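The sequence shown begins at 781 in our numbering and counts up one residue at a time.
Glycine included, each C-beta is placed from N, C-alpha and C at the ideal position.
Just so we're clear, the structure is a prediction, and the values are computed from it rather than from any experiment.
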Amino acid sequence: MSHILDVPGVRFGHAADPDAPSGVSTLVLEEPGVAGVAVHGGAPGTRETDALAPGRLGPGVDAICLSGGSAFGLASADGVQLALAERGRGYEVRGHRVPIVPGAIVFDLAGPRPDYRALGAASLAAALDGPPDRRLGTVGAGTNAMTAGLKGGFGSASARCGAATVGAAVVVNAVGSVTAADGPWFRAAPFEVDGEFGGLHAPPSADFATIRTKSGTLPRENTVIAIVATDATLTNAEANRLAIAAHDGLALAIYPSHTLLDGDTLFAVSTGKAAAPERPLGHVALAATAAAVLARAVARGVYSATPGASDRFPTWQSLYG
């Protein structure tokens, strides 16, 4: 099944508190990797993003943490960092190990607030000690994600680009909509592979122009957070450029996107297991592939969501499946 785990050199794990409901999803690099970030929403919640900017001095990234919980969820990266240090990961300074763990959060608070530090540590253990987890939908940081009119979720997809592999992982909690205003047709349908989110073909009359957003939305109830990973060797500047370009995948799958009410934060990471893309067309192809893979991941996350007791909106499957 198409997943970010298809990228050589990455592990991925989830943890959730179903009573909250909320959770954490963490990508772990087998070896420290190069990363960049692009924030294109008006209400982000992030950690360690400044350290990823081009020209900054810093070691490689050990993990990237995606969490629910609004600002409380930023503590999940603490749990990941501490657990990695206990395993001997991170750069050494004065007898200490310092893992680098950037992260971002979505707003999904609906019940009792869980221990996000503990959830972060659990997601790391799941990534490193458990079997490969390719679940989609209502899992990890996507446990209580919502979009306009439909329950959101965690999505992932992958594709080949020449000799490289590109994968995406996303938590879809957008203020906008991923489908037409008058039916089940996904905006990302032109990029679908093997009927992975229903294989539906929209009629010419399908309404993709009407603006649909969450009713009664508060300014920080939203955010899409994502990771694009590749084994293609990239510099820090190239990883940042990939993060910028991959944001097109959100615009291809969600309308409206990148709004004042979204936090839209996207990390790009390179494991360096494959050769660098040829300049310049190899980088163009890599960016286009990343955007398409991310668009597919968005649709797959919503398509795979399952019902929960505190849901504000129905799942795609309950309406159309």
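According to the neighbour-count rule (16 or more other Cβ atoms, all chains shown, within 10 Å of its Cβ), is residue i buried or exposed?
i	result
Ser1090	exposed
Ala1029	The question names Ala, yet the displayed sequence has Gly at residue 1029. By the 10 Å Cβ count, Gly1029 comes out buried.
Arg940	exposed
Asp1044	buried
Pro970	exposed
Val873	exposed
Glu828	buried
Val1064	exposed
Arg893	exposed
Ser985	exposed
His783	buried
If we ignore side chains and look at the alpha-carbon of each, how far apart do residue i and residue j end up?
i	j	result
Ala928	Pro1060	38 Å
Glu972	Asp962	20 Å
Leu930	Pro834	37 Å
His794	Ala905	9 Å
Ser1084	Phe966	13 Å
Gly853	Gly859	10 Å
Ala1056	Thr1069	15 Å
Gly1081	Asp888	16 Å
Ala1138	Ala800	Absent from the model: residue 1138. The displayed extent of the chain is 781 to 1101, so no value can be given.
Arg991	Ala960	Reading off the sequence shown, one finds Ile at residue 991, where the question assumed Arg. Going by the C-alpha atoms only, they are around 9 Å apart.
Ala1031	Thr826	21 Å
Gly1088	Ile1005	21 Å
Val819	Pro964	29 Å
Ala863	Leu916	25 Å
Leu832	Val881	11 Å
Gly1052	Pro788	9 Å
Ala757	Val817	Within the shown structure, residues of the chain are numbered from 781 to 1101, placing residue 757 beyond reach of any answer.
Tell me, please, which residues DSSP counts as bridged to residue i.
i	result
Asp797	Ser802
Ser936	Ala949
His876	Val873
Tyr1035	Ser957
Lys931	Met926
Gly816	Ala1048
Ala1054	Ala1012
Val1022	Sequence inspection shows Leu at residue 1022; the Val mentioned does not correspond to that position. Paired residue(s): none; Leu1022 is not in a bridge.
Gly917	Phe934
Could you tell me whether any Cβ in chain C is nearer than 8 Å to the Cβ of residue i?
i	result
Trp965	Absent from the structure is chain C; it holds one protein chain and no more.
Legend entry - Cβ contact (3+ pairs, closer than 8 Å) linking the region 841-848 and the region 1020-1038: no
Legend entry - Validate contact between the region 1072-1080 and the region 950-957 using beta carbons, cut 8 Å, 3 pairs: yes
Inset, instruction - Could I get the ranges of all uninterrupted beta strand (DSSP E) runs contained in the region 826-865, with 3 residues as the minimum, in chain order? - result: 841-847
Inset, instruction - Would you mind listing the alpha helix (DSSP H) stretches within the region 882-913 that are 4+ residues and don't spill past its ends, in chain order? - result: 896-909
Legend entry - Stretch pair the region 799-817 + the region 912-925: three plus CB contacts closer than 8 Å: yes
Inset, instruction - Determine contact between the region 934-948 and the region 1003-1012, defined as no fewer than three beta-carbon pairs at a distance below 8 Å. - result: yes
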